[in-house]
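UniProt numbering numbers the first residue of the sequence shown as 1 and each following residue consecutively. Cβ atoms here follow ideal geometry from the backbone N, Cα and C, with glycine treated the same way. Keep in mind it's a predicted model, so treat the numbers as computed, not measured. Worksheet: one structure, shown below.
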Amino acid sequence: MTGVDRKVTYVRFENVAPDEIWGEIADLFVSSFAAPPYNESPSDLQSITQWGPDQLASPGGRLVVASHDKQVVGFALSQRLDQDISWQRRLDAMLPARDAAIMPSRTVIVQELAVNESFRGCGIAKQCIRELLSSRTEHAAVLGVFGQAPQLREMYRRWGFLELGASPIYGGTVTLHALHQRLPWMA
């Protein structure tokens with residue numbers, strides 16, 4: 001495909017998105033994270049159709065969907081940190097004296113980001129994050145990157161995210177690296 005053939009449109013949803021979009025999001029989520037290096041359970045990933053709308057409906061909930069030829073090729077999902085107790089505990093364990101910029105009610109979590117493999121390297125991930133973090137009332141953003149994806153951690157660092165720390169998840173089989181960015185993000 002040429003660059004002209006790859007026209008991508010971005011739509012931002014606040015707190016609610018059409019039911020029909022969640023099936024396409026689930027398909028992309030499964031294809032992205034059931035594959036190496038993540039190897040997550042497809043049935044667990046498919047459950048985004050249940051918990052995704054709940055996260056979107058919560059404070060700080062936002063969904064950005066990237067489409068090409070009416071097909072979802074990327075998405076990013078957020079919610080506020082004070083809505084996710086597991087993330088709060090994880091950050092508390094990493095940062096016993098939590099950075100003052102990371103106040104749960106003033107921090108947004110980039111919960112999920114996925115881009116169709118055929119569209120990677122085209123700037124879709126960065127634009128999804130840009131849309132997700134633009135015009136926010138929160139002062140900071142956090143996100144997690146699995147240890148088995150060091151190239152993604154490096155990508156976020158190039159975008160200005162700073163590492164906060166790491167913690168074991170999934171019974172210690174995976175290391176999750178938490179990264180932080182003050183808002184507004186000027187990427």
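Residue i versus residue j - alpha carbon distance
i	j	result
isoleucine 129	alanine 76	7 Å
glutamine 79	glutamate 131	14 Å
tryptophan 51	proline 184	27 Å
aspartate 84	serine 58	10 Å
valine 73	arginine 62	17 Å
histidine 180	threonine 107	10 Å
tyrosine 38	serine 105	30 Å
isoleucine 48	leucine 95	29 Å
glycine 60	glutamine 88	15 Å
asparagine 15	leucine 133	14 Å
Residue range of the beta strand (DSSP E) that includes residue i
i	result
glutamine 181	174-182
Pair within 7 Å by beta-carbon distance, residue i and residue j
i	j	result
residue 188	arginine 136	Outside the shown range of the chain (1 to 187) lies residue 188, about which nothing can therefore be said.
leucine 152	valine 145	yes
Endpoints, alpha helix (DSSP H) assigned at residue i
i	result
valine 30	19-33
Three-way DSSP call (helix, strand, coil) for residue i in this model
i	result
serine 78	strand
tyrosine 38	coil
glycine 165	strand
glycine 121	coil
threonine 137	coil
Cβ separation of residue i and residue j, assumed to be a contact under 8 Å, to the nearest whole Å
i	j	result
phenylalanine 29	glutamate 112	7 Å
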